[in-house]
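Chains as they are written, first to last, in this note's numbering: chain D, 1 to 431; chain R, 432 to 1004.
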């Protein structure tokens, strides 16, 4: 009637993206209970499932104190470089564990963007877009999960959410957006606790009687609001699975051996990485684990050493562990933040925001490890070789996961929005 | 591209470290609070009683639906105008009132009450802040709500409110009217797009990069509108929370500091707006003079900031500009009747065709003639036959002429109030209980506690809004529930505690002790949750369930649980 914009709902349906619930799961039939669906995470299903883990360094990690050390120049801030498992590749001194698995990691030293504000850059590196009022760009996790589901639908009995975000502390500013509620990340604030409000308060049988009673009492109203009633009923059923499904044991780190916990080390980030591995094993498509605190405007050297101490061991353990379990080839692991830090150390011993050149690390998902892409000049300021933009990076993620980056969704304004805004994959990372 | 400005006074960095630490503390605190989710309950007493069943709404028929039954109308009008359900006493009195003018009288009574100002202040707060591109603007919720509540209570016209929001300067914590600017953190193009969307219902932002595909707007027109706003600057003050910023005019170009090229920072402000070169954004853009795309009114380059903003505010809110009235009429009609004249709440414009154009034109003309008086507009809509009709599902095929009223999913504030009222929980006591639990969870740094209190962050209502809030400008069929929301209602410890029939302090516990007639208890719970009596079938279903449950308390807990977890509870009828 008014404009030529396609109906968004029908478009989403065409894309196979339901409005309610998680994944491509079919309806939850009355009375089917929560019985034998625990088979949803049967071992055979896991290995073939593509997945992605994002290790997000909130605040903007210094490239010089991580994977692009500059020991020969004063801009290097006095941080030493150490040899890695790959001759000729050096990491900053705080990353001995990652150095030991460098043969499975690829470092991009020529990331570049123009956005130097935390919220806007965080949005950019999470969605591939700068924020625009009224356009709800989906976050990488929702993109990946929704698109993987169109390639290989998860088991229709899958009880777990397809996207989990750990430790974002309410900072997360991007969600499923236009893709809809089905792909909304489930937020976990403390990886050592179950998700909020999922600890059963009444026995499963009574809970089911309550659901039945609700459905019967709702009957009259459901006649008047059939769609709303059906949607809400589906939500009650999906949410009930989070309370009573045996698959929820995936969230329980007590299921891990002491040896596994020791491998990952101590701390929230270590627990988050271990939980990420468990969730991927149980069929979750995308897990983000956040380490906050990289906004080192003062005392950069001490701060980054401390932060690396939190991240190095779990990062390396995750790569090893996924490899040992045969999951690394199908699981893309990403280490990145929203921008890098100024080459010059400021008078307070800090480094400020620097989107012009920074770094990111990829592993698994078909990425050939043991290599470095791109380079800056000797001062660490300008990119000399192979600049990689944010759309290039997102195209690279899509390439690794077998996702078509040109799929379009339509914003409520009628504006078509590509999953990834142009860009080319960094092909030298593959093959 | 931006005019270079190297004023270190406007540099963002200085205050960021301390502000960053504090904001981290707040994040941690919010995290703790969310863990303690969500409602601290301290029950308060309220009456109940038994009454015959009330009629519901009506559905599909080719004719317009007949007027809604009294109970349904009263629940609708209370949720819409007071943000809460009617009490049992109000429902009874309304039903007993034989006067033919009782519906209009109820509308007038509710429009005169303070709850109307607060309810709609919260609504417009969400209209503005759900489009924030900077998450830190969440701090603006309380200042903006305070500003809007005061304006609405003082009978400020929509024109006055628009002018205040467009021309705002000052400290965000004190001046809630800076909210649109803070929500976009001073970004010139985003402020222009939001002003046009909210006050004109015209979405120009597509034209930021290219001529609009479906509408007549040219790229130049967007950037000419943006040219009213480049001189807005957000200056760091060294304070905390919203106090760390101040909205000022940037009218004097400071001397560039030699050798320092500042990073691109939208907060700094520019003397003039430039339309970027489309082919190469790194090239200098075209300097644009301020010009209003609807009327052609313009200002010369060099005009000071406040002069620009006052001019565009006058031109937008002028009675001669029909889009100012149409945008708000369409928005409020869509909220209250359930579907708008235009398919989108905030995407109108001369290239879109409304349904019932004469009705729209009449209301818009009346609104303009009444000096954009919002209470006049609410009254006109709420006493209209369209508003008063029975309900139809949004998903059933629409028919011309607003044949029925479409039920609306409750906004977070309405739902929170209704949940507390249903469970007999007092909000102030719930907030105290939440604060006590917060204290018990560990020491809270005093400055953080003070900021949280001042900005009403971490209150049960605020936390509830974080889980249940939605952007009220989105098409309503896109607003679906979420699993975390559903978990709060089904399995949240605080809701469960308030439902406990064995505890003497809860509403249900008291009711079961004082009322031995199970039918009366059932009816009371229905009035509590849904502001109506149960039908005969519903009553029978409940009584059968209670009898088969074995334990009377448990049986009624299940009934109460079922009512608040029903789709009816979530909707304004």
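Note that CB positions come from ideal geometry on N, CA and C, so glycine has one too.
Interface positions of the region 624–651 of chain R facing chain D (Cβ-Cβ less than 9 Å), listed along the chain: So the close ones are 624, 625, 628, 634, 636, 637, 639, 644, 645 and 646.
Runs of alpha helix (DSSP H) lying entirely within the region 898–943 of chain R, each at least 4 residues, in chain order: 914–922 and 924–930
At least 3 beta-carbon pairs within less than 8 Å: the region 386–401 of chain D vs the region 77–91 of chain D: no
Interfacial residues, the region 53–64 of chain D to chain R, with Cβ spacing under 7 Å: none
Meets three-Cβ-pair contact criterion under 8 Å: the region 737–746 of chain R and the region 643–662 of chain R: Per the Cβ contact rule, the region 737–746 of chain R is in contact with the region 643–662 of chain R (3 or more Cβ pairs under 8 Å).
CB contact below 7 Å: residue 481/R versus chain D: With a pLDDT of 31 at residue 481/R, under the threshold of 50, the modelled position of that residue is not reliable, and the figure given next carries that caveat. Residue 481/R does not count as touching chain D.
Contact list for residue 263/D against chain R, beta-carbon separation under 8 Å: Against chain R, a Cβ distance below 8 Å from residue 263/D picks out nothing, because the smallest value is about 27 Å.
Residue nearest to residue 929/R in terms of C-alpha spacing, selected from 861/R, 512/R and 715/R: 861/R
Bridge partners - residue 52/D, DSSP secondary structure assignment: DSSP, once it has assigned bridges, lists 286/D and 332/D as partnering residue 52/D.
Distance, residue 874/R Cα to residue 836/R Cα: 50 Å
Euclidean distance between Cα positions of residue 356/D and residue 109/D: 11 Å
Classification of residue 684/R by the beta-carbon crowding that lies within 10 angstroms, buried from 16 upward: exposed
Residue span of the alpha helix (DSSP H) that contains residue 816/R, given as start and end: 816–819
Residue 269/D versus residue 907/R - alpha carbon distance: Taking the Cα positions, residue 269/D is about 39 Å away from residue 907/R.
Start-end ranges of the alpha helix (DSSP H) lying completely within the region 624–666 of chain R, minimum 4 residues: 650–657
Strand pairing of residue 680/R, partner residues [DSSP]: Residue 680/R is bridged to 663/R.
Rounded separation between residue 30/D and residue 853/R - CA only: Residue placement at residue 30/D is flagged as unreliable, the pLDDT there being 28, under the threshold of 50; the coordinate-derived value follows with that caveat. About 28 Å.
Nearest neighbour of residue 602/R, chosen from 970/R, 653/R, 664/R and 904/R [CA to CA]: 664/R
Rounded separation between residue 551/R and residue 584/R - CA only: 10 Å
Anticipated Cβ contact below 8 Å, residue 61/D with residue 90/D, distance rounded: About 17 Å; that fails the 8 Å criterion.
Close Cβ partners of residue 946/R (< 6 Å) along its chain, the five nearest in sequence each way excluded: 952
Rounded Cβ spacing between residue 210/D and residue 993/R (contact assumed at less than 8 Å): 6 Å
Alpha-carbon spacing of residue 920/R relative to residue 710/R, whole angstroms: 52 Å
Meets three-Cβ-pair contact criterion under 8 Å: the region 94–110 of chain D and the region 584–600 of chain R: No, the region 94–110 of chain D is not in contact with the region 584–600 of chain R.
8 Å contact criterion, which residue 304/D and residue 65/D should meet: CB distance rounded: 4 Å
Given residue 542/R as reference, the closest of 508/R, 519/R, 821/R and 790/R once Cα atoms are compared: The residue from 508/R, 519/R, 821/R and 790/R with its alpha-carbon nearest to that of residue 542/R is 508/R.
Contact under 7 Å by Cβ, residue 67/D with residue 361/D: yes
Segments assigned alpha helix (DSSP H), at least 4 residues, entirely inside the region 199–231 of chain D: 204–217 and 219–224
The region 838–846 of chain R / the region 625–640 of chain R touching (three or more Cβ pairs under 8 Å): no
Member of 404/D, 419/D and 403/D whose CA lies at the smallest distance from the CA of residue 410/D: 419/D
7 Å Cβ cutoff, residue 415/D in contact with chain R: yes
In DSSP terms, what residue 58/D is bridged to: 292/D
Cβ distance (whole Å) where residue 922/R is taken to contact residue 188/D below 8 Å: Actually they are not in contact, since the Cβ atoms of residue 922/R and residue 188/D sit about 16 Å apart, beyond 8 Å.
Sufficient close CB pairs (3 or more, under 8 Å) joining the region 316–327 of chain D to the region 262–282 of chain D: Between the region 316–327 of chain D and the region 262–282 of chain D there are three or more C-beta pairs closer than 8 Å, enough to call the two in contact.
Residue 1002/R - partner residues in DSSP beta bridges: Looking at the DSSP assignment, residue 1002/R forms a beta bridge with 840/R.
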